[in-house]
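Below is the structure:
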């Protein structure tokens, strides 16, 4: 197990390194002048040349990339270089702040959104899928199928707007607008967990359900299909023939094996969400990693763009590693070598 994890970590570092090369080349291949996004209004030619010299835009691309990897020039008081401790993506072209500081503020927002939504969609999707699998072709199965179809057909941005309308903007019978004075839920924003846990959850409930409803539909169908396949296996029939209770057969023998594809999907979804739930973050004014990435693309802010892409890729690669380890826990037949 230990050697397997070490090999995977080495591969993870290699993948992230290749990713930085691709993003760096693509950014510099854009047929637009990045200097015009950095210079202030009214900047003359002397000012422009000063910006070019400051950010080393006249240096060859390989040299600029080398500065990015190693301890390069200090810009706006922030050193650059990923290959030293602590790693640094440099300073933002726009805010002049260290990218790592911005990521340190954004990652808790995205992590709170991703993990909270994951808990909700697992608590919804897995039980619904189990009910459908244990009662195939029944009314319960048809109801859960309808739930899945509605969830799969509901775009995230549309569901988010509906939730905002009904729980923030919708007028009541006496003419008082819920969003005017005493809204049921806030329309957006983020309160750190350490400051006020109740307000932290209160501000994130709508974003959580926006993500959870759509994903719960996927997980219910995934659980149903996996459970139906497992419940038809020989060892399930053997367990029943031994006189084990149906509850024990389903939960102890069936569910554990059926969760393997669910865990695979969960790891991929969590890794993707930790890289930034762009639509949900923008819709609810959450300044997470996804919102940072969108702003970086719009403003041609290379340090921030590299920081968000590498961070998102790191979470995805780590999530896949955790998935492979969990395989051995859920299914003893799996051996990690």
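In this note's numbering, the protein residues as written are 6 to 342. Heads up, the beta-carbon is just placed ideally off N, CA and C, and yes, glycines get one too.
**Message:** Per the DSSP calculation, residue 96 is bridged to which residue(s)?
**Reply:** The count along the chain shown starts at 1 and reaches residue 96 at position 91. DSSP lists 103 as partners of residue 96.
**Item:** Cutoff 6 Å; reference residue 305; Cβ partners in own chain excluding five residues on either side
**Value:** Residue numbering aside, residue 305 sits at position 300 when the chain shown is read from its first letter. Closer than 6 Å at Cβ, skipping near neighbours: 39 and 42.
**Request:** Could I get the ranges of all uninterrupted alpha helix (DSSP H) runs contained in the stretch 53-95, with 4 residues as the minimum, in chain order?
**Result:** For the stretch 53-95, whole alpha helix (DSSP H) runs of length 4 or above, ordered along the chain, are 66-74.
**Message:** For residue 206 and residue 117, I'd like the C-alpha separation in whole angstroms.
**Reply:** Residue mapping note: residue 206 aligns to position 201 of the chain shown, counting from 1. Residue mapping note: residue 117 aligns to position 112 of the chain shown, counting from 1. Distance from the CA atom of residue 206 to the CA atom of residue 117, rounded to whole angstroms, is 9 Å.
**Asked** To the nearest angstrom, how far is it from the Cα of residue 151 to the Cα of residue 145?
**Response** As a working note, residue 151 is residue 146 in the chain shown. As a working note, residue 145 is residue 140 in the chain shown. Spanning the alpha carbons of residue 151 and residue 145 requires a straight line of approximately 10 Å.
**Request:** Express the C-alpha separation of residue 243 and residue 20 in angstroms, rounding to a whole number.
**Result:** The sequence position of residue 20 within the chain shown is 15, counting from 1. The sequence position of residue 243 within the chain shown is 238, counting from 1. For residue 20 and residue 243, the distance between alpha carbons rounds to 45 Å.
**Asked** To which residues of the same chain is residue 226 closer than 6 Å at the C-beta, ignoring the five residues directly before and after it?
**Response** Counting from one through the chain shown, the residue named residue 226 turns up at place 221. Around residue 226: 153.
**Asked** Is the Cβ-Cβ distance between residue 290 and residue 134 less than 8 Å?
**Response** Start at 1 with the first residue of the chain shown, and residue 290 comes out as number 285. Start at 1 with the first residue of the chain shown, and residue 134 comes out as number 129. Judged by beta-carbon spacing, residue 134 lies beyond the 8 Å limit of residue 290, meaning their Cβ atoms are not closer than that value.
**Item:** Supposed contact pair residue 285 and residue 212 - C-beta distance, whole angstroms, cut 8 Å
**Value:** Counting from 1 along the chain shown, the entry for residue 212 is found at position 207. Counting from 1 along the chain shown, the entry for residue 285 is found at position 280. A Cβ-Cβ distance of about 5 Å is found for the pair residue 212 and residue 285, placing them in contact under the 8 Å criterion.
**Prompt:** Taking the C-alpha atoms as reference points, what is the distance between residue 22 and residue 272?
**Reply:** Numbered from 1 along the chain shown, position 17 holds the residue referred to as residue 22. Numbered from 1 along the chain shown, position 267 holds the residue referred to as residue 272. Per the coordinates, the alpha-carbon of residue 22 lies some 22 Å from the alpha-carbon of residue 272.
**Request:** Could you check which residue in 313, 32 and 325 has the C-alpha nearest to that of residue 111?
**Result:** Translated into positions along the chain shown, residue 111 becomes position 106. Selection 313, 32 and 325 evaluated against residue 111 yields 313 as nearest (Cα-Cα).
**Prompt:** Among 156, 197 and 131, which one has its Cα closest to the Cα of residue 114?
**Reply:** As a first step, residue 114 must be located in the chain shown, where it is residue number 109. The residue with the shortest Cα to Cα distance from residue 114 is 197.
**Per-residue DSSP class, three states only, for residue 289** = Walking along the chain shown from the start, residue 289 turns up at place 284. For residue 289, the secondary structure class from DSSP, reduced to helix, strand or coil, is coil.
**Prompt:** Does the beta carbon of residue 242 sit closer than 8 Å to a beta carbon anywhere in chain D?
**Reply:** Any reference to chain D falls outside this structure, which holds one protein chain only.
**Request:** Quick one: give me the first and last residue of the alpha helix (DSSP H) that residue 16 is part of.
**Result:** Counting from one through the chain shown, the residue named residue 16 turns up at place 11. Per DSSP, residue 16 belongs to the alpha helix (DSSP H) from 7-34.
**Request:** Could you check what DSSP says for residue 140 in three-state terms: helix, strand or coil?
**Result:** Your numbering for residue 140 matches position 135 in the chain shown. Look at residue 140 here: in three-state DSSP terms it is coil, with no helix or strand label.
**Request:** Could you check what DSSP says for residue 305 in three-state terms: helix, strand or coil?
**Result:** Looking up residue 305 in the chain shown gives position 300. If DSSP states are grouped into helix, strand and coil, residue 305 belongs with coil.
**Prompt:** Given that a residue counts as buried once 16 or more other Cβ atoms are within 10 Å of its Cβ, and exposed if not, what is residue 281?
**Reply:** Numbered from 1 along the chain shown, position 276 holds the residue referred to as residue 281. The residue is buried, with at least 16 neighbouring Cβ atoms inside 10 Å.
**Item:** C-beta contact flag for residue 322 and residue 66 at 8 Å
**Value:** Within the chain shown, numbered from 1, the residue matching residue 322 stands at position 317. Within the chain shown, numbered from 1, the residue matching residue 66 stands at position 61. In terms of Cβ geometry, residue 322 and residue 66 do not form a close pair [threshold 8 Å].
**Prompt:** So does the stretch 92-112 actually touch the stretch 217-225, counting three or more Cβ pairs closer than 8 Å?
**Reply:** Between the stretch 92-112 and the stretch 217-225 there are fewer than three inter-stretch CB-CB distances shorter than 8 Å, so the stretches are not counted as touching.
**Request:** Indicate the three-state DSSP secondary structure (helix, strand or coil) for residue 198 in the structure shown.
**Result:** Counting from one through the chain shown, the residue named residue 198 turns up at place 193. Note: residue 198 maps to coil in three-state DSSP.
**Prompt:** When you compare only the Cα positions, how much space is there between residue 123 and residue 203?
**Reply:** Here residue 123 is taken as the residue at index 118 of the chain shown, counted from 1. Here residue 203 is taken as the residue at index 198 of the chain shown, counted from 1. Cα to Cα, the separation comes out at about 19 Å.
**Asked** Which residue's Cα is closest to the Cα of residue 256: 79, 127, 105 and 139?
**Response** Locating residue 256 in the chain shown gives position 251, counting from the first residue. Of the candidates 79, 127, 105 and 139, the residue whose Cα lies closest to the Cα of residue 256 is 139.
**Request:** Could you check if residue 12 is buried or exposed, using at least 16 other CB atoms within 10 Å of its CB as the buried criterion?
**Result:** Here residue 12 refers to the residue found at position 7 when the chain shown is read from its first residue. Exposed.
**Message:** Measuring only the C-alpha atoms, how far is residue 64 from residue 50?
**Reply:** Along the chain shown, read from residue 1 onward, the residue named residue 64 stands at position 59. Along the chain shown, read from residue 1 onward, the residue named residue 50 stands at position 45. If you draw a straight line from the Cα of residue 64 to the Cα of residue 50, it comes to about 19 Å.
**Request:** In angstroms with no decimal places, state the Cα-to-Cα distance between residue 32 and residue 61.
**Result:** In the chain shown, the residue the question calls residue 32 occupies position 27. In the chain shown, the residue the question calls residue 61 occupies position 56. So the alpha carbons of these two residues sit roughly 15 Å apart.
**Request:** Taking only runs that begin and end inside the stretch 201-249, name each unbroken alpha helix (DSSP H) of 4 or more residues, in chain order.
**Result:** Qualifying alpha helix (DSSP H) stretches, in chain order: 202-236 and 239-246.
**Prompt:** Which one of 75, 130 and 237 has the shortest CA to CA distance from residue 90?
**Reply:** The residue given as residue 90 occupies position 85 in the chain shown. It is 75.
**Asked** What is the DSSP secondary structure of residue 324, reduced to helix, strand or coil?
**Response** Here the question's residue 324 lines up with position 319 in the chain shown. Residue 324 falls in the helix class under three-state DSSP.
**Asked** How would you label residue 27, buried or exposed, when you count the other beta carbons within 10 angstroms and need 16 or more for buried?
**Response** The residue labelled residue 27 in the question sits at position 22 within the chain shown. A residue is called buried once 16 or more other Cβ atoms fall within 10 Å of its Cβ, and residue 27, having fewer, is exposed.
**Asked** Between residue 103 and residue 83, which are expected to be in contact by the criterion C-beta below 8 Å, what is the C-beta distance as a whole number of angstroms?
**Response** Position 98 of the chain shown, counted from the first residue, corresponds to residue 103. Position 78 of the chain shown, counted from the first residue, corresponds to residue 83. For residue 103 against residue 83, the beta-carbon gap comes to about 5 Å, under 8 Å, which counts as contact.
**Message:** What does the Cβ neighbour count give for residue 34, buried or exposed, with the cut at 16 atoms within 10 Å?
**Reply:** Within the chain shown, residue 34 is the residue found at index 29, counting from 1. Exposed: under 16 other Cβ atoms inside 10 Å.
**Message:** Residues in the same chain with beta-carbon distance under 7 Å from residue 69, minus the five sequence neighbours each way, listed in chain order, please.
**Reply:** Taking the chain shown and counting its residues from 1, one reaches residue 69 at position 64. Counting only Cβ-Cβ distances below 7 Å, and skipping sequence neighbours, we find 61.
**Request:** Confirm, please, whether the CB-CB distance from residue 164 to residue 215 is below 8 Å.
**Result:** For this step, residue 215 is matched to residue 210 along the chain shown. For this step, residue 164 is matched to residue 159 along the chain shown. Cβ distance < 8 Å, so residue 215 and residue 164 count as in contact.
**Request:** Measure the C-alpha to C-alpha separation of residue 261 and residue 161 and round it to an integer number of angstroms.
**Result:** Your numbering for residue 261 matches position 256 in the chain shown. Your numbering for residue 161 matches position 156 in the chain shown. Each residue's Cα considered, the two are about 30 Å apart.
**Item:** Residues near residue 180 by beta carbon distance below 8 Å, same chain, minus five either side
**Value:** Counting from 1 along the chain shown, the entry for residue 180 is found at position 175. Low confidence applies to residue 180: its pLDDT is 47, below 50, so where it sits in the model is not reliable, and the reading given next is rough at best. Non-local C-beta neighbours of residue 180 in its own chain, meaning closer than 8 Å and more than five positions away in sequence, are absent.
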